[in-house]
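Working notes, structure below.
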Amino acid sequence: MDIITLLLVGFALLLLLRWKLSRPQGFPPGPKALPVLGNMLQMDFSNPLKDLKAFSKVYGPVFSIYLGFTPAVVVRGLKDLKEILVNKGVDFADRPQNRLIQLVSGGRGLVLAAYGRSWKEHRRFTLSTLRNFGLGKKSMEERICEESKFLIKEMKKNKDTLYDPHLVLDNAVSNIICAIVFGRRYDYDDPTFRNILNLVHEHMKMATGFWAQLFNAFGFVRHLPLPHQKIFRNVKIVFGFLRNVLEEHKTTRVPRQPRDYIDCYLEELDKEKQDGYKSSFDDENLFTCMVDLFVAGTETTSSSLEWTLLYMMMYPDIQEKCRAEIDKIRGDKDHLDYEDRVRMPYTQAALQEVQRFASVVPLGVAHSPIKDVQLNGYTIPKGTFIITDLSSLHYDESNWRYPYEFNPENFLNKDGELMKSESFLPFSAGPRVCLGENLARMELFLFFTTMLTHFEFHWPDPKSPPDLTPVFGISQVPRRFKMRLVPRT
1 MDIITLLLVG
11 FALLLLLRWK
21 LSRPQGFPPG
31 PKALPVLGNM
41 LQMDFSNPLK
51 DLKAFSKVYG
61 PVFSIYLGFT
71 PAVVVRGLKD
81 LKEILVNKGV
91 DFADRPQNRL
101 IQLVSGGRGL
111 VLAAYGRSWK
121 EHRRFTLSTL
131 RNFGLGKKSM
141 EERICEESKF
151 LIKEMKKNKD
161 TLYDPHLVLD
171 NAVSNIICAI
181 VFGRRYDYDD
191 PTFRNILNLV
201 HEHMKMATGF
211 WAQLFNAFGF
221 VRHLPLPHQK
231 IFRNVKIVFG
241 FLRNVLEEHK
251 TTRVPRQPRD
261 YIDCYLEELD
271 KEKQDGYKSS
281 FDDENLFTCM
291 VDLFVAGTET
301 TSSSLEWTLL
311 YMMMYPDIQE
321 KCRAEIDKIR
331 GDKDHLDYED
341 RVRMPYTQAA
351 LQEVQRFASV
361 VPLGVAHSPI
371 KDVQLNGYTI
381 PKGTFIITDL
391 SSLHYDESNW
401 RYPYEFNPEN
411 FLNKDGELMK
421 SESFLPFSAG
431 PRVCLGENLA
441 RMELFLFFTT
451 MLTHFEFHWP
461 DPKSPPDLTP
471 VFGISQVPRR
481 FKMRLVPRT
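Residue numbers for the sequence shown follow this note's numbering, beginning at 1 and rising by one.
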């Protein structure tokens, strides 16, 4: 009798779980979900882009999947992505909240914060502060050019060896955002900072993996000795490093003489104490903004530069065309100015083609509607997890001449002039567009042109071409590689 009762209870639970995973009326269709796990076993989380594309062929450009008990809507293609990012940008401007997001940001800050007064205040303040520290101005350009000198000096030390550029590119890019936020740069051989950057990259990879999704679906697994425990350890170490930076600033700052973003934020907190005005600015929001700027200002740009070097070695004729244009416009100057880019359509096209073909941030950052919204004839309830498959734009056969080929001519017209494309959204679009877009574009152009001014880049073994299979994560990064540097005279 006990066994029969147990079986009946088990069967009832199975039905209940199955019922919980049934799609609401009017919700986008999608693959049949398993009890408890949803569609998690039907996807390869080491790189789910192929699975999402396959589902889309069956269910259309707007479809749904279940991540455990959590329903998520996947949006692909120009028409529907433009609808949620731009046309209905505010309606879809919220961020979904899950266990991992709460662990990392607590719903605060710039990237993962809910859409509302706090996020608006912090985004407005951050953009204003970045401009004050040179964003879009000559002073920022000079800062990047100065860091380029350290980068070239370090590279020249390795001209006679097979060289892995990952560490110095990572450090060089990170030093730009660190100078703005922390007021300092870090030496390329600083072991503590090197370890912090390694942990950040590891987190960006693991955050989209199977074990992270399992933790989001089932909170109790936090206490189990599974691979996701590394996420918690990494976050603790990185947060400890950044909290030390913040505490140091609090003890060394001079009021009304801000050195960087942190000091400007602390000035804002002082004003509130004096004026008695209550805003969303507080210590925890300051810390989360620090984390957001540090991580977002490092990973994607350094990965883009690594992809750039790989493609330049893979296609030496493209490398040489870029170099010829650089030399022509540079003339007898030591380096190019950012404004020179307007006379360099081929180099700009090559950099944009790297971003398109590598699709460095393939799924963007998840969105969520602030209210029930209609999309493509479906009802998307408030709070739904929205996955924006930006990579679907970058390989769209109807919008690119060479969708599956690395070719700068995708961005050039028949007269060799640079063209804009609606299907090119490496920084997303709309209210949640990446606030560091202009800084990233400046860094890519100046670092890239400086490196090509000083070196030729060669793949060490022409008979064995580089592995261009990306390592999937929040960012798609290239596999570590070594190259041969040939200094130019």
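Each residue gets a CB set at the ideal place from its N, CA and C atoms; glycine is no exception.
Computed from a predicted model, the values in this text were never measured in an experiment.
Exercise. If you drop the 5 nearest sequence neighbours on each side, which residues of the same chain put their C-beta closer than 8 Å to that of L310?
Worked result: For this step, residue 310 is matched to residue 310 along the sequence shown. Contacts found: P466, L468, P478 and F481.
Problem set entry | Nearest residue (CA-CA) to Q25, options L485, P381 and K463 | Your numbering for residue 25 matches position 25 in the sequence shown. Per the Cα distances, P381.
Exercise. Going by C-alpha distance, which of P426, A54 and V36 is nearest M43?
Worked result: One-based indexing of the sequence shown puts residue 43 at position 43. Minimum Cα distance to M43 is reached at A54.
Problem set entry | Buried or exposed (CB count within 10 angstroms, at least 16 for buried), K420 | Here residue 420 refers to the residue found at position 420 of the sequence shown. Exposed is the call here.
Exercise. Can you tell which of V486, V471, N87 and I387 has its C-alpha closest to the C-alpha of M206?
Worked result: Along the sequence shown, read from residue 1 onward, the residue named residue 206 stands at position 206. With distances taken between Cα atoms, M206 lies closest to V471.
Problem set entry | Residue burial classification, V104 (beta-carbon count within 10 angstroms, cutoff 16) | Sequence index remark: in the sequence shown, residue 104 carries index 104 (1-based). That one is buried.
For this session: Run the CB neighbour count on H249, radius 10 Å, all protein chains shown included, and call it buried at 16 or more, exposed below.
Result: Translated into positions along the sequence shown, residue 249 becomes position 249. Burial call: buried.
Problem set entry | Reduced DSSP category for Q476 - H, G, I as helix; E, B as strand; rest coil | Residue mapping note: residue 476 aligns to position 476 of the sequence shown, counting from 1. DSSP places Q476 in coil when its eight states are reduced to three.
For this session: Please say whether D396 and L49 have beta carbons closer to each other than 9 Å?
Result: Reading the sequence shown from its first residue, position 49 is the one you call residue 49. Reading the sequence shown from its first residue, position 396 is the one you call residue 396. No, these two residues do not count as a Cβ contact at 9 Å.
Problem set entry | Same chain, Cβ closer than 6 Å to C264, neighbours up to 5 away in sequence not counted | Residue numbering aside, residue 264 sits at position 264 when the sequence shown is read from its first letter. Cβ within range, chain order: T129 and P258.
Exercise. Y186 by DSSP, collapsed to three states: which one?
Worked result: Stepping through the sequence shown from its first residue, residue 186 is reached at position 186. If DSSP states are grouped into helix, strand and coil, Y186 belongs with coil.
Problem set entry | Cβ contact check for the segment 59-78 and the segment 339-355: 3 or more pairs under 8 Å | no
Problem set entry | Sub-9 Å separation of S398 and F385 beta-carbons | As a working mapping, residue 398 is identified with position 398 in the sequence shown. As a working mapping, residue 385 is identified with position 385 in the sequence shown. Taking 9 Å as the Cβ cut-off, S398 and F385 do not qualify as a contacting pair.
For this session: Give me the Cβ distance between I237 and L199, rounded to the nearest whole Å; I'm assuming they're in contact under 8 Å.
Result: Locating residue 237 in the sequence shown gives position 237, where the first residue counts as 1. Locating residue 199 in the sequence shown gives position 199, where the first residue counts as 1. 6 Å between Cβ atoms; contact.
Exercise. If you count every other CB in all the chains shown that lies within 10 Å of the CB of R185, and 16 or more means buried, which is it?
Worked result: Counting from 1 along the sequence shown, the entry for residue 185 is found at position 185. R185 comes out buried.
Problem set entry | Start and end residues, alpha helix (DSSP H) containing R330 | As a working mapping, residue 330 is identified with position 330 in the sequence shown. Here the alpha helix (DSSP H) through R330 covers P316 to R330.
Problem set entry | Whole-angstrom distance between K273 and V360, CA atom to CA atom | Start at 1 with the first residue of the sequence shown, and residue 360 comes out as number 360. Start at 1 with the first residue of the sequence shown, and residue 273 comes out as number 273. Approximately 42 Å, taken between the alpha carbons.
For this session: Specify the secondary structure class of L375 as computed by DSSP and reduced to three states.
Result: Position 375 of the sequence shown holds residue 375. Note: L375 maps to strand in three-state DSSP.
Exercise. Which one of A93, S280, R99 and Y346 has the shortest CA to CA distance from V414?
Worked result: Here residue 414 refers to the residue found at position 414 of the sequence shown. Val is not the amino acid found at residue 414; the sequence shown has Lys there. The residue with the shortest Cα to Cα distance from K414 is Y346.
For this session: Tell me D283's beta-bridge partners as DSSP assigns them.
Result: Numbered from 1 along the sequence shown, position 283 holds the residue referred to as residue 283. Note: D283 sits in no beta bridge, so no partner.
Exercise. Under 8 Å from any heavy atom of the ligand ADP, does the C-beta of R99 make it?
Worked result: In the structure on display, the ligand ADP does not appear, and there are no ligands present to speak of.
Exercise. Relative to the alpha-carbon of F150, which residue among H335, L34, H201 and D187 has its alpha-carbon at the smallest distance?
Worked result: Locating residue 150 in the sequence shown gives position 150, where the first residue counts as 1. It is D187 whose Cα lies nearest to the Cα of F150.
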